[in-house]
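In the numbering used here, the protein residues as written are 163 to 277.
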């Protein structure tokens with residue numbers, strides 16, 4: 163049920179993409195406190211202009227049924243930002259993160275919803 167969608171200007175090899183997907187999945191599961199078997203991570207290339215300037219940047223959209231809030235969101239921002247700086251070279255001031263707590267009835271899976 164947690165979903166992390168990363169859009170970035172950084173081109174990724176298949177190996178680097180797979181490693182990034184695995185790292186992000188573990189961060190989301192561990193920080194939100196949900197089983198990793200329910201975590202989905204998506205990484206997509208994007209054209210991003212930030213602060214009126216091109217260059218390395220990222221947008222991260224994190225959604226979950228519960229588990230999000232002030233402290234958790236700050237932890238996710240720090241952990242994801244650190245990972246993206248270390249693995250992709252994207253500075254933390256070139257990353258926006260969006261957090262959305264989704265009502266269980268608005269999240270579908272396996273032919274049903276969670277609510």
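Ideal Cβ placement from N, Cα and C applies to all residues, glycine included.
heavy atom of the ligand MN below 7 Å from residue i C-beta
i: residue 254; result: Among the ligands in the structure shown, none appear at all, so the ligand MN cannot be discussed.
Euclidean distance between Cα positions of residue i and residue j
i: residue 220; j: residue 193; result: 20 Å
i: residue 261; j: residue 175; result: 27 Å
i: residue 209; j: residue 169; result: 9 Å
i: residue 231; j: residue 225; result: 11 Å
i: residue 259; j: residue 167; result: 10 Å
i: residue 222; j: residue 242; result: 9 Å
i: residue 171; j: residue 256; result: 11 Å
i: residue 229; j: residue 199; result: 16 Å
Close-in-space but distant-in-sequence residues of the same chain around residue i (CB under 7 Å, 5 per side omitted)
i: residue 253; result: 247
Neighbourhood of residue i by C-beta, 6 Å cutoff - its chain only, sequence neighbours within 5 removed
i: residue 164; result: 190, 194, 196, 201 and 226
i: residue 277; result: 266 and 267
Where residue i falls, given that 16 or more other Cβ within 10 Å makes a residue buried
i: residue 250; result: buried
i: residue 211; result: exposed
Residues near residue i by beta carbon distance below 8 Å, same chain, minus five either side
i: residue 245; result: 182, 185, 186 and 189
*Evaluate contact between the stretch 229 to 236 and the stretch 200 to 213, counting only Cβ atoms and requiring at least three cross-stretch pairs below 8 Å.*
no
*Going along the chain, which unbroken runs of the alpha helix (DSSP H) with 4 or more residues stay wholly within the stretch 177 to 246?*
none
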